[in-house]
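Right, one structure below, let's go through it.
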Amino acid sequence: MGKLGRFACIFTPMALTITSLVLTILLLLGGSMQSSGTLNSLHFFSADFSNFSVPGSDSSALAVALAAARKNGSIADFYHIHIFNYCSGKTVAGANGAVAAEIVDYCSPRSKDFWFDPVAVWDLSGTAKIAGATSNIAVVNSAEGNATALTNKLLGDAAAKGLDAYRRVAGWMCAAYIASLCLGLATVLLGVFAIFSRIGSMITTIVAVLSTLLLLAASLTSTILFSSLLVALRALLHPYNTTLSLSQHTLTLDWLAVLLSAAATIFWLFSSCCCSGRSHHAQRDAERGAGSGWGSGGRGRGMGAEKTGGYERVASPNGAGVPLRDLEGRGFGGGQRLGQGGAYEPYRHV
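Encoded structure:
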């Protein structure tokens, strides 16, 4: 029953770890298959341009560039931003003009250093030239050779800073997700050896802690990063009837993976302290044999006598170690003399 109990103790953290791994893998596979609606739905950030329009009174460089990009097809109906790439496509209108379906027709190459650059993806620098030479466009054209200056001129300082932060942290976010996944797989492999000993559980616990911390850092980074990007771009693109949002179900899966990984780590730690896997009967016999005389030649608790086949004289309780027969003639028990009238000297069997 010891090994069976040990297996039951390991089963819970193993199941939690595997479930967290499955969720993490799904998040990392988001956008990997253009034909998979499930994987394409696992995006963190989305932008809907299906109802895009530019107010007639807006002649800013961004408005002109966006209008030209939308007109020549550089801006798709929607964009889904994943961890390693983005996907775009067309929307199918339903009743009352609402979006009935989204059809993905392009997914960018996947990269561990991916970050979504709207100026490059929407070709805003090129469409600014096509739009015509206005005073604002001339400023944009003069900044074309400097990507940072171009982004600042088109998007403004607030959005440009948000994109710059996103670009700087995106690489770390991708690396943290990958490292967490690798350590999670290592946890599952080491967990097999944890069935046989608590030392194996301790090693597994250390790896599980590292995996959980990296997954927590990656999830926290992605949540803050895409939330900041949403705030920056929403204020910028709201006048053009666009819809930007975070995917709640993707964030829910992300944080659920973190919670499951944390719970698994706690149970791994518990398995390293308890559930030794030794049989209760064997452990009880070992304890008795070591400290109580059972199994070592004795029959009674605290007795270490050996069988020799003879007898050993028992000392008198009143004679300070003097044999009872030597007390013959001394008064004992109200004048009765021991050794007379059938008195005997007690012995114990050894």
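In our numbering, the protein residues as written are 672 to 1021. Quick reminder that beta carbons are idealized off the backbone N, C-alpha and C, glycines included.
- In the DSSP annotation of this structure, the continuous segment of the beta strand (DSSP E) that includes HIS751 starts and ends at 749-752.
- Sixteen is the threshold: when 16 or more other Cβ atoms of the shown chains lie within 10 Å of the Cβ of VAL878, as they do, the residue is buried.
- Exposed is the label assigned to ASN743, since fewer than 16 other Cβ atoms lie within 10 Å of its Cβ.
- In summary, ASP729 is exposed, with fewer than 16 beta-carbon neighbours lying within 10 Å of its beta-carbon over all protein chains present.
- Our two residues, CYS680 and THR883, have alpha carbons roughly 20 Å apart in a direct line.
- Unbroken beta strand (DSSP E) runs of no fewer than 3 residues, entirely contained in the segment 868-932, are found at 914-917, following chain order.
- A direct Cα-to-Cα measurement between ASP828 and PHE785 gives close to 22 Å.
- Comparing alpha-carbon positions, the option among ASN756, GLY855 and LEU700 lying closest to MET685 turns out to be GLY855.
- Annotation for SER703: LEU710 and ARG781 place their beta carbon closer than 7 Å to its own, counting only its chain and skipping 5 residues before and after.
- The continuous beta strand (DSSP E) containing ASP719 extends over residues 716-719.
- In this structure the segment 848-864 does not lie against the segment 916-924, because fewer than three pairs of beta carbons, one per stretch, are closer than 8 Å.
- With distances taken between CA atoms, ALA791 lies nearest to LEU825 out of LEU700, LEU825 and ASN722.
- A direct Cα-Cα distance of roughly 23 Å separates LEU795 from PHE715.
- Sequence-distant partners of GLN705 (beyond 5 residues in either direction) whose C-beta falls short of 6 Å from its own C-beta, in its chain, are VAL775 and CYS778.
- Taken through DSSP and simplified to helix, strand or coil, VAL725 comes out as coil.
- Boundaries of the beta strand (DSSP E) around LYS761: 757-764.
- Around the beta carbon of HIS909, fewer than 16 other beta carbons sit within 10 angstroms, so the residue counts as exposed.
- For SER851, the uninterrupted alpha helix (DSSP H) segment begins and ends at 828-864.
- Excluding five sequence positions before and after SER717, the CB atoms of its chain that fall closer than 6 Å to its own CB belong to HIS751 and SER916, given in chain order.
- DSSP places ASN711 inside the alpha helix (DSSP H), whose first and last residues are 708-711.
- Taking each of PHE867, ALA850, LEU904 and GLY833 in turn and checking the Cα distance to LEU692, the smallest one comes out for ALA850.
- Here LEU860 is exposed. Its C-beta has fewer than 16 other C-beta atoms within 10 Å.
- A distance below 8 Å separates the beta carbons of ALA934 and LEU687.
- Cβ atoms of THR695 and ALA903 stay farther apart than 8 Å, at about 27 Å.
- For LYS742, the enclosing alpha helix (DSSP H) begins and ends at 732-742.
- For PRO780, no alpha helix (DSSP H) run applies, since DSSP gives it neither H nor E.
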